[in-house]
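S.K.: Sequential numbering of the sequence shown, starting at 15, is according to this note's numbering.
Using N, Cα and C, we set each Cβ at its ideal position, and we do this for glycine too.
If you're wondering where the values come from, they're calculated on a predicted model, not measured in any experiment.
Below you'll find the structure I mean.
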Amino acid sequence: MKGANASSSNPAECTLVPRERVAALAAVAARYAVAITPAMADLIDPADPHDPIARQFTPDVRELAQQPEERCDPIGDGLFSPVEGIVHRYPDRVLLKLVNACAVYCRFCFRREMVGPGQGALSPRALGYALDYVRSRPGIWEVILTGGDPLVLSPRRLKHVAARLAAIAHVKVMRVHTRVPVVAPERVTAALVRALRTDKATFVVIHANHPRELTKEARAACARLIDAGIPMLSQSVLLRGVNDDTETLAALMRRLVECRIKPYYLHHADLAPGTAHLRTTIAEGQALMRSLHGRYSGLCQPAYVLDIPDGHGKSPIGPNYLSADGREIEDFNGRRHRYPPRG
Ligand code: SF4
15 MKGANASSSN
25 PAECTLVPRE
35 RVAALAAVAA
45 RYAVAITPAM
55 ADLIDPADPH
65 DPIARQFTPD
75 VRELAQQPEE
85 RCDPIGDGLF
95 SPVEGIVHRY
105 PDRVLLKLVN
115 ACAVYCRFCF
125 RREMVGPGQG
135 ALSPRALGYA
145 LDYVRSRPGI
155 WEVILTGGDP
165 LVLSPRRLKH
175 VAARLAAIAH
185 VKVMRVHTRV
195 PVVAPERVTA
205 ALVRALRTDK
215 ATFVVIHANH
225 PRELTKEARA
235 ACARLIDAGI
245 PMLSQSVLLR
255 GVNDDTETLA
265 ALMRRLVECR
275 IKPYYLHHAD
285 LAPGTAHLRT
295 TIAEGQALMR
305 SLHGRYSGLC
315 QPAYVLDIPD
325 GHGKSPIGPN
335 YLSADGREIE
345 DFNGRRHRYP
355 PRG
């Protein structure tokens, strides 16, 4: 199996995919975008048919099988989009989707029906309307730049957007959701770091799913952001065959913390079309979270969350340690204690 061409959308050009599977995978590539960066391609062990990095980026014929519960827009972005580029689901924050392209295309992507090469960035006119929307609503405290991946844009464009957001008095926080520092760390240049810095608080939230993704280059890219005064958080997706065991998940969380990145969310995989083979059950996710609790530092504990289908927002999904009547609490060894204790 080695070596697929980085960023190729045609499996026939790829050498990460065995020759006999190429024809079958062409149908997947015709349906969903395919791309992998050199940084990620280099991490794949060609001798391992279950390689967790390959599993995230190389297409699979099972993607063509859509389950009845799967949805084209699993978290209901479209239902909460008052103007192009904006998703306004919660009272105090909005998503600003700057671009629908990414450096890689994750096989489990919740926006896989919207992202792909050539999807382009928000036009200057649409960006203007999106910023007008934010400007005219004083309740918007935080703007989350997302996409796609906003860090595929040039530093010049990012600087322009960051400066215009920073000029809105009621916007106090800008958050950037990205996979770039991990999958294309060379893009995190001094110019890009400067572009993100304004006089408002800026957080960068990286998406990483396996400890191997935090290469020396990725760690250096994150350090460039953090050293410039930009705090970092992480989000990971719980994926079958990638990180659905305690050892891998704990190693990922520890490595993130060692990079000064606070694990923020562990997402239960969304009901994106053709992704059933990558989803765990919620019970499996809760058992994994239990296995982290108490045995690994509190810094290494993300919140396990589910985006409720059809746009009802994100909710934490446990596990729960308090009994239904609120009178017993379970400790990290599974022992139950009455609360308050009997005098
Ligand atoms: S980087 Fe994010 S938006 Fe892009 S394909 Fe991966 S999950 Fe989807």
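1) State the CB to CB distance for the pair I100 and L93, rounded to an integer number of angstroms; the pair is presumed to be in contact (CB under 8 Å).
2) By the DSSP assignment, the alpha helix (DSSP H) with P138 in it spans what residues?
3) Taking 8 Å as the cut-off, does the CB of G162 come closer than this to any heavy atom belonging to the ligand SF4?
4) Using a threshold of 9 Å, state whether the C-beta atoms of H10 and L263 are closer than that.
5) Within 10 angstroms of its Cβ, does F346 collect 16 or more other Cβ (buried), or is it exposed?
6) The ligand SF4 and V256: does the residue's C-beta get closer than 8 Å to at least one heavy atom of that ligand?
7) Name the one or two DSSP bridge partners that N192 has.
8) Give the single residue among A61, A47 and P66 whose Cα lies nearest to the Cα of M54.
9) Tell me where the beta strand (DSSP E) around R350 begins and ends.
10) Is it buried or exposed for P277, if we count other Cβ within 10 angstroms and need 16 for buried?
11) Which full runs of the beta strand (DSSP E) of 3+ residues lie inside the region 88 to 141, going along the chain?
12) DSSP three-state call for P225: helix, strand or coil?
13) Three-state secondary structure (DSSP) at L252?
14) Which of helix, strand or coil does DSSP assign to E157?
15) In terms of residues, what are the limits of the beta strand (DSSP E) holding A317?
16) Identify, in the order they occur along the chain, each residue of the same chain with its Cβ nearer than 6 Å to the Cβ of R254, setting aside the five sequence neighbours on each side.
17) For S22, does the three-state DSSP call read helix, strand or coil?
18) How many Å lie between D62 and H184 at the Cα?
19) Compare the C-alpha of N257 against each of A232, D284 and A222 and name the closest.
20) Tell me which same chain residues have a C-beta within less than 6 Å of the C-beta of E344, skipping the five on either side of it?
21) For I50 and P60, what's the separation of their Cα atoms in angstroms?
22) I'd like to know whether the C-beta atoms of P131 and A115 end up nearer to each other than 9 Å.
23) Using 10 angstroms around the beta-carbon of T72, count the other beta-carbons present and answer buried if the total reaches 16, otherwise exposed.
24) Would you list the residues sitting across from G327 in a DSSP beta bridge?
25) Helix, strand or coil, according to DSSP, for H174 in the structure here?
26) Should G340 go down as buried or exposed, given a rule of 16 or more other Cβ atoms within 10 Å for buried?
27) What are the start and end residues of each continuous alpha helix (DSSP H) run of 4 or more residues lying completely inside the region 253 to 296, in chain order?
28) When you compare only the Cα positions, how much space is there between G325 and D87?
29) Hey, could you find the ends of the alpha helix (DSSP H) I343 is sitting in?
30) So the candidates are L270, A265 and L210; which of them puts its Cα closest to the Cα of A234?
31) When you compare only the Cα positions, how much space is there between T212 and L165?
32) Sort out for me which residues DSSP pairs A215 with in a bridge.
33) Buried or exposed: where does Q81 fall if 16 or more other Cβ atoms within 10 Å of its Cβ makes it buried?
34) If I measure Cβ to Cβ from R304 and keep anything under 7 Å in the same chain, skipping five residues before and after, which residues do I get?
35) Does DSSP put L336 in a helix, in a strand, or in coil?
36) Is A222 a contact residue of the ligand SF4, with contact defined as CB to any heavy atom under 8 Å?
M.R.: According to the structure data:
1) Taking the sequence shown and counting its residues from 1, the one referred to as residue 100 is at position 86. Taking the sequence shown and counting its residues from 1, the one referred to as residue 93 is at position 79. With a contact defined as Cβ atoms closer than 8 Å, I100 and L93 miss out at about 13 Å.
2) Position 124 of the sequence shown, counted from the first residue, corresponds to residue 138. Run containing P138: P138 to R149, per the alpha helix (DSSP H) assignment.
3) Mapped onto the sequence shown, residue 162 falls at position 148. G162: yes, Cβ under 8 Å from the ligand SF4.
4) With the chain running from 15 to 357 in the structure shown, residue 10 is simply not present.
5) Translated into positions along the sequence shown, residue 346 becomes position 332. With fewer than 16 other Cβ atoms within 10 Å, it is exposed.
6) Here residue 256 refers to the residue found at position 242 when the sequence shown is read from its first residue. Distances between the C-beta of V256 and the heavy atoms of the ligand SF4 are all 8 Å or more.
7) Along the sequence shown, read from residue 1 onward, the residue named residue 192 stands at position 178. For the sequence presented, residue 192 should be read as Thr rather than Asn. In the DSSP assignment, the residues bridged to T192 are I220.
8) Taking the sequence shown and counting its residues from 1, the one referred to as residue 54 is at position 40. Measuring from the Cα of M54, the nearest candidate turns out to be P66.
9) Reading the sequence shown from its first residue, position 336 is the one you call residue 350. In the DSSP annotation of this structure, the continuous segment of the beta strand (DSSP E) that includes R350 starts and ends at R350 to R352.
10) Position 263 of the sequence shown, counted from the first residue, corresponds to residue 277. When all chains shown are included, P277 counts as buried.
11) You should have 100 to 104 and 107 to 111.
12) Reading the sequence shown from its first residue, position 211 is the one you call residue 225. Helix.
13) Residue numbering aside, residue 252 sits at position 238 when the sequence shown is read from its first letter. Secondary structure of L252 (DSSP, three-state): strand.
14) Along the sequence shown, one-based indexing puts residue 157 at 143. Inspection of the sequence shows that residue 157 is occupied by Val rather than by Glu. Note: V157 maps to strand in three-state DSSP.
15) The residue given as residue 317 occupies position 303 in the sequence shown. A317 to I322 is the span of the beta strand (DSSP E), which, as asked, contains A317.
16) As a first step, residue 254 must be located in the sequence shown, where it is residue number 240. Result list for R254: L292 and T294, in chain order.
17) Looking up residue 22 in the sequence shown gives position 8. With a pLDDT of 48 at S22, under the threshold of 50, the modelled position of this residue cannot be trusted, and the question is left open.
18) Position 48 of the sequence shown, counted from the start, is the residue given in the question as residue 62. Position 170 of the sequence shown, counted from the start, is the residue given in the question as residue 184. Approximately 51 Å between the Cα atoms of the pair.
19) Position 243 of the sequence shown, counted from the first residue, corresponds to residue 257. Nearest of A232, D284 and A222 to N257, Cα basis: A222.
20) Locating residue 344 in the sequence shown gives position 330, counting from the first residue. Apart from sequence neighbours up to five positions away, the residues of its chain that approach E344 with a beta-carbon distance below 6 Å are Y335 and R350, ordered along the chain.
21) Translated into the one-based positions of the sequence shown, residue 50 becomes position 36. Translated into the one-based positions of the sequence shown, residue 60 becomes position 46. Between the C-alpha atoms of I50 and P60 there is a straight-line separation of about 15 Å.
22) As a working mapping, residue 131 is identified with position 117 in the sequence shown. As a working mapping, residue 115 is identified with position 101 in the sequence shown. A Cβ-Cβ contact shorter than 9 Å links P131 with A115.
23) As a first step, residue 72 must be located in the sequence shown, where it is residue number 58. Classification for T72: buried.
24) Locating residue 327 in the sequence shown gives position 313, counting from the first residue. According to DSSP, G327 bridges with I322.
25) What you label residue 174 is simply residue 160 of the sequence shown in a count that begins at 1. DSSP places H174 in helix when its eight states are reduced to three.
26) For the purposes of this step, residue 340 is taken as the residue at position 326 of the sequence shown. Flag for G340 reads exposed.
27) List check, alpha helix (DSSP H) in window: 260 to 272.
28) The residue given as residue 325 occupies position 311 in the sequence shown. The residue given as residue 87 occupies position 73 in the sequence shown. When only Cα atoms are considered, G325 and D87 end up about 9 Å apart.
29) Numbered from 1 along the sequence shown, position 329 holds the residue referred to as residue 343. Note, I343: premise wrong, no alpha helix (DSSP H); beta strand (DSSP E) at E342 to E344.
30) Mapped onto the sequence shown, residue 234 falls at position 220. Considering only alpha carbons, the answer is L270.
31) Position 198 of the sequence shown, counted from the start, is the residue given in the question as residue 212. Position 151 of the sequence shown, counted from the start, is the residue given in the question as residue 165. Between the alpha carbons of T212 and L165 lies a gap of roughly 16 Å.
32) Numbered from its first residue, the sequence shown carries residue 215 at position 201. Paired residues: V187.
33) Reading the sequence shown from its first residue, position 67 is the one you call residue 81. When all chains shown are included, Q81 counts as exposed.
34) Translated into the one-based positions of the sequence shown, residue 304 becomes position 290. Short of 7 Å from the beta carbon of R304, and not among the five residues preceding or following it, lie these beta carbons of its own chain, in chain order: P333.
35) Numbered from its first residue, the sequence shown carries residue 336 at position 322. DSSP, read as helix, strand or coil, puts L336 in strand.
36) For the purposes of this step, residue 222 is identified with residue 208 of the sequence shown, where counting begins at 1. Incorrect: A222 has no Cβ contact closer than 8 Å to the ligand SF4.
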